[in-house]
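Q: Quick note on numbering: the sequence shown equals residues 2 to 260 in the numbering used here.
Submitted below is the structure of interest, expressed as structure tokens.
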Amino acid sequence: MKLLRPMLLAVILAGAFFYFTTYHPGWMRPAGWFGHSDKVEITEAAGGDTLDSEEQNNITVYRKNTGSVVNITSRAVTFDFFYGLVPQEGQGSGFIIDKEGHILTNYHVIAEARTVEVTLHNRKKYRATVVGTDRTHDLAVIQIKAPDLSPMVLGDSRNLQVGQKVYAIGNPFGLSGTMTRGIVSSIRSVQEPDGMTIDEAIQTDAAINPGNSGGPLLNWHGEVIGINTMIASSVGQSAGIGFAIPINTAKAVLNDLVT
């Protein structure tokens, strides 16, 4: 009889534990949860916050010009010792300068290309014709036949001041419609990888990467003041030192390139 009582008590306790943990799981809770609401309380920002003047100007410059910047894909054929003739593809940027479909870009973007394809902001693709090239100034004009084109406004690159704001729009690494912002870091002569010299090149800390070549450098009014052309970097990516050809250099030879 004495042996049965402890066994009976153990059975009762085990049955009670099974009942409350199986059919009433809420009976056992962490002590910290007693008295807490099931809804998580968060702090939300007040709606309707307005943009400051600098943000608004960034947005205005982008919306005004992004539709005029194009992605350029050039295809060439190179010779490989093991494989013979091998197709090669490169990408860069450019911008529309008139309603006739003329596009200004760098010479090195389309150099040696057998075919050149332009992709507009609306993702429509057009076969482009090379109209004129100027290897000395690393400039080229190509042309597409497309309706409702929006030309960019060409500004003045004289009297640029170190410290003034600039914007770069292009297709770095093929990411179309990318805008970066910086300042004019310096005005200096620089030598390109092929040995050509850019006089009074615009140095900027606006991020410029592979694929930005040929795209516009803009002032805070959204006017083109330069053509992004090269970077100074030991890793082949933006290190905060990019260079643009002054737009006045391009305007001086533009008519010759087109005609």
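Cβ coordinates follow ideal geometry from the N, Cα and C atoms, glycine included.
1. Can you check whether the CB of I232 is closer than 8 angstroms to the CB of I203?
2. Using C-beta distances below 8 angstroms, list every residue in its chain close to G178, excluding the 5 sequence neighbours before and after it, in chain order.
3. Would S158 pass as a contact of P247 if the rule is Cβ separation under 8 angstroms?
4. Per DSSP, what kind of secondary structure is G48 in: helix, strand or coil?
5. Starting from the C-beta of G102, find all residues in its chain whose C-beta is less than 7 angstroms away, skip the five residues before and the five after it, and write them out in chain order.
6. According to the neighbour-count rule (16 or more other Cβ atoms, all chains shown, within 10 Å of its Cβ), is D139 buried or exposed?
7. Comparing C-alpha positions only, which one of K65, H109, L255 and T260 sits nearest to M153?
8. Looking only at its chain, what residues have a beta carbon closer than 6 angstroms to the beta carbon of V191, apart from the 5 residues adjacent to it on each side?
9. Please report how far the alpha carbon of I226 lies from the alpha carbon of N220, in whole angstroms.
10. Might you give, ordered along the chain, the residues of its own chain that have their beta carbon closer than 8 angstroms to the beta carbon of T116, omitting 5 neighbours on each side?
11. Using CA coordinates, which residue listed in L155, F174, L176 and I184 is at the minimum distance from V163?
12. In the DSSP assignment, what are the bridge partners of V142?
13. Would you report the Cα separation of E90 and T61, rounded to the nearest angstrom?
A: Inspection of the coordinates gives the following:
1. The residue you call residue 203 lines up with position 202 of the sequence shown. The residue you call residue 232 lines up with position 231 of the sequence shown. No, Cβ-Cβ distance for I203 and I232 is not below 8 angstroms.
2. Residue 178 sits at position 177 when you count from the first residue of the sequence shown. T67, V70, H122, I170 and N172, listed in sequence order.
3. For the purposes of this step, residue 158 is taken as residue 157 along the sequence shown, with counting starting at 1. For the purposes of this step, residue 247 is taken as residue 246 along the sequence shown, with counting starting at 1. Yes, Cβ-Cβ distance for S158 and P247 is below 8 angstroms.
4. Within the sequence shown, the letter at position 47 stands for residue 48. It is coil, neither helix nor strand.
5. Working through the sequence shown from its first residue, we reach residue 102 at position 101. Answer for G102: Q144, I145, K146, A147 and L150, listed in chain order.
6. Stepping through the sequence shown from its first residue, residue 139 is reached at position 138. Classification for D139: buried.
7. Locating residue 153 in the sequence shown gives position 152, counting from the first residue. The shortest Cα separation from M153 among K65, H109, L255 and T260 belongs to K65.
8. For the purposes of this step, residue 191 is identified with residue 190 of the sequence shown, where counting begins at 1. If we look at V191 and ignore the five residues flanking it on each side, its Cβ neighbours are I199, A202 and F244.
9. On the sequence shown, residue 226 is found 225 positions in, with the first residue counted as 1. On the sequence shown, residue 220 is found 219 positions in, with the first residue counted as 1. Cα to Cα, the separation comes out at about 6 angstroms.
10. As a working mapping, residue 116 is identified with position 115 in the sequence shown. The residues are S75, R76 and R128.
11. Translated into the one-based positions of the sequence shown, residue 163 becomes position 162. The residue with the shortest Cα to Cα distance from V163 is I184.
12. Here the question's residue 142 lines up with position 141 in the sequence shown. V142 pairs with L105 and G133.
13. Looking up residue 90 in the sequence shown gives position 89. Looking up residue 61 in the sequence shown gives position 60. Using only the alpha carbons, I get a separation of about 33 angstroms.
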